[in-house]
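Student: Per UniProt numbering, the first sequence starts with residue 1, numbered consecutively.
Backbone N, C-alpha and C define an ideal beta-carbon position, used for all residues, glycine too.
My structure is below; once you've seen it, I'll send some questions.
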Amino acid sequence: MSSYEAIYAVVRQIPVGQVATYGQIAQLANLGGQARLVGYALYRVTPDLAVPWHRVINAKGEISESPFRYGNDQLQRHLLEQEGVQFSAAGKVSLATYRWQPPSDFPADA
DNA sequence: GCCATGACGGAGC
DNA sequence: TGCTCCGCCATGG
């Protein structure tokens with residue numbers, strides 16, 4: 001059993017065409033902002049969990065590469081582009097445009 | 001049970 | 001504007 005369940009649950013709430021930052025996920029998952037745990041959780045996520053990990057990026061709107069993941073930054077970018085997310089020339093996402101805005105009554109814990 | 005590491009974030013220089 | 005350092009918590013050896 002892992003405490004990552006909350007993290008996965010939150011990530012699964014991210015709608016198509018939108019993205020969320022690690023810090024945002026951490027907050028929604030009641031981690032208080034411990035983005036590291038989110039990154040670690042996504043690090044050990046597997047396709048079996050059916051978690052849209054590709055919609056989670058860092059606070060800079062960039063995709064963090066992970067050579068150990070089954071999908072590299074190229075795949076993540078590709079998946080996002082398929083969902084309608086546009087990347088800047090620097091390979092960054094406009095958080096101001098695609099950042100997921102969770103409802104005020106988001107069931108982070110309940 | 002302790003030590004080291006990790007898809008980050010924010011402040012400081 | 002860009003880089004570096006510290007902090008936070010959980011997992012793995």
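1) Taking its Cβ as the centre, do 16 or more other Cβ atoms sit within 10 Å of L80, making it buried, or is it exposed?
2) Thinking C-alpha only, which one of T21, L42, P15 and Q13 is nearest S3?
3) Taking E5 as the reference, which of V51, G84, Q74 and L95 has the closest Cα?
4) Counting C-beta neighbours from all protein chains within 10 Å, is the total for T97 16 or more, i.e. buried, or is it exposed?
5) Excluding the five sequence neighbours on either side, which residues of its own chain have a C-beta within less than 6 Å of the C-beta of A59, listed in chain order?
6) Going straight from the alpha carbon of V85 to that of Q101, what length do you get?
7) Run through the DSSP bridge pairs and tell me what V19 is partnered with.
8) Mind checking which residues open and close the alpha helix (DSSP H) that includes G84?
9) Comparing C-alpha positions only, which one of R55, L31 and S94 sits nearest to Q82?
Tutor: Let's see:
1) Numbered from 1 along the first sequence, position 80 holds the residue referred to as residue 80. Counting every other CB atom within 10 Å of its CB across the protein chains shown gives L80 a total of 16 or more, marking it as buried.
2) For this step, residue 3 is matched to residue 3 along the first sequence. It is L42 whose Cα lies nearest to the Cα of S3.
3) One-based indexing of the first sequence puts residue 5 at position 5. When each option's Cα is compared against that of E5, the closest is V51.
4) The sequence position of residue 97 within the first sequence is 97, counting from 1. Exposed, by the Cβ-count rule.
5) For the purposes of this step, residue 59 is taken as residue 59 along the first sequence, with counting starting at 1. Closer than 6 Å at Cβ, skipping near neighbours: T21 and G23.
6) Sequence index remark: in the first sequence, residue 85 carries index 85 (1-based). Sequence index remark: in the first sequence, residue 101 carries index 101 (1-based). Their Cα atoms are separated by approximately 15 Å.
7) Translated into the one-based positions of the first sequence, residue 19 becomes position 19. R99, per the DSSP bridge assignment.
8) One-based indexing of the first sequence puts residue 84 at position 84. Where G84 is concerned, there is no enclosing alpha helix (DSSP H), given that its DSSP letter is neither H nor E.
9) The residue given as residue 82 occupies position 82 in the first sequence. Here the closest residue by C-alpha is R55.
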